[in-house]
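Q:
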Ligand SMILES: [Zn+2]
Ligand SMILES: [Zn+2]
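Given below as structure tokens:
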């Protein structure tokens, strides 16, 4: 009896010592000593109910994956999204030296996707799914979080700014061509994986008066002239006839899906055709799903969309 107990203890000890090492090794990463995190709970400002809620990090990440990516996506794409969401969240955590949500100083993060990161409760997510799929989808979301437990993305030992978008439309974009700062790991990469996205291309028709109004230009002065495009075809700078604005601003004012846009002008109507959906920097979500369906893993996906990064394990308290 004693011998048997001793054997069980020995097996448990070996598992305890060897398993974590194997997990880290299989991810090609290393323990990160300079990132101190103790995020057992996270404070979240729910912008819909306007209340501050706290919850364990793992539960929060499930709500982010459910809100940011369709549950129908391949499990490896969902796992990539979980790693990206964990990285983004830990970088914001006040307990680990992050800035928190600057709109709501009492919160680490808010649920407004235009400011911090989308999040949904399990119940709200399930309400959008067919009844007979609700259990399967939620299990899949939980699996994506637990199978990537503790994994984050770093560049030169620091957590990356893990930005992502829906559909790049053939190529992601250099950070400085969308915003102003050049980030070493946010480089334009070719993406042949998002062609099946329902958001790949769109045509929007607007009258000249509507265009002038949206751009804030008197109709008589409206004269759109693109000054600079990126190597992937997105507008960097454009003259509206009144002022020079960035491609991101142009896209925002006109309510277009992408700054990779061309148009035809016929008499008093503009017909804008966009390719892709979102700012196109970092991970392409539909591309992630396309890669996963071709057999690539979550780590392959991350390595494709974030140049030269490492996926490492940190103690998150999950
Ligand atoms: Zn926020
Ligand atoms: Zn793509």
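Numbering (this note's numbering), first residue to last: 122 to 439. Don't be surprised by glycine CBs; every beta carbon is placed ideally from N, CA and C. Quick caveat, the model's predicted, so the values are computed rather than measured.
Within its chain, find whatever has a CB closer than 6 Å to the CB of residue 402; leave out the 5 residues flanking it on each side and keep chain order.
A: 284, 294, 296, 299, 307
Q: Would you give the residue range spanned by the alpha helix (DSSP H) that residue 211 belongs to?
A: 196-213
Q: If distances are taken between C-alpha atoms only, which option among 266, 305, 322 comes closest to residue 288?
A: 322
Q: Is residue 288 near ligand 2, in the sense that its beta carbon is under 7 Å from a heavy atom of that ligand?
A: yes
Q: Does the beta-carbon of residue 199 have 16 or more other beta-carbons within 10 angstroms, so that it is buried, or is it exposed?
A: buried
Q: Determine, using beta-carbon pairs with one atom in the stretch 358-372 and one in the stretch 335-345, whether at least three such pairs fall under 8 Å.
A: yes
Q: List the endpoints of the continuous alpha helix (DSSP H) containing residue 423.
A: Per DSSP, residue 423 is one residue of the alpha helix (DSSP H) stretching across 419-426.
Q: Residue 288 bridges to which residues according to DSSP?
A: 398
Q: Can you have a look at residue 193 and say buried or exposed, based on whether 16 or more other CB atoms are within 10 angstroms of its CB?
A: exposed
Q: By Cβ distance below 7 Å, which residues in the same chain neighbour residue 328 in space, the five residues on each side in sequence not counted?
A: 389, 390
Q: Can you list, in chain order, the residues of its chain whose CB lies under 8 Å from that of residue 175, leaving out five sequence neighbours each side?
A: 162, 163, 164, 165
Q: In or out: residue 313 buried (at least 16 other Cβ within 10 Å) or exposed?
A: exposed
Q: Comparing the CB of residue 407 with every heavy atom of ligand 2, is any distance shorter than 7 Å?
A: yes
Q: Taking its Cβ as the centre, do 16 or more other Cβ atoms sit within 10 Å of residue 213, making it buried, or is it exposed?
A: buried
Q: As an exercise, report each continuous beta strand (DSSP E) stretch of at least 3 residues that is fully enclosed by the stretch 325-412, in chain order.
A: 346-350, 356-360, 365-367, 382-387, 390-396
Q: Quick check: is any heavy atom of ligand 1 less than 7 Å from the C-beta of residue 410?
A: No; taking the cut-off as 7 Å, the Cβ of residue 410 has no heavy atom of ligand 1 nearer than that.
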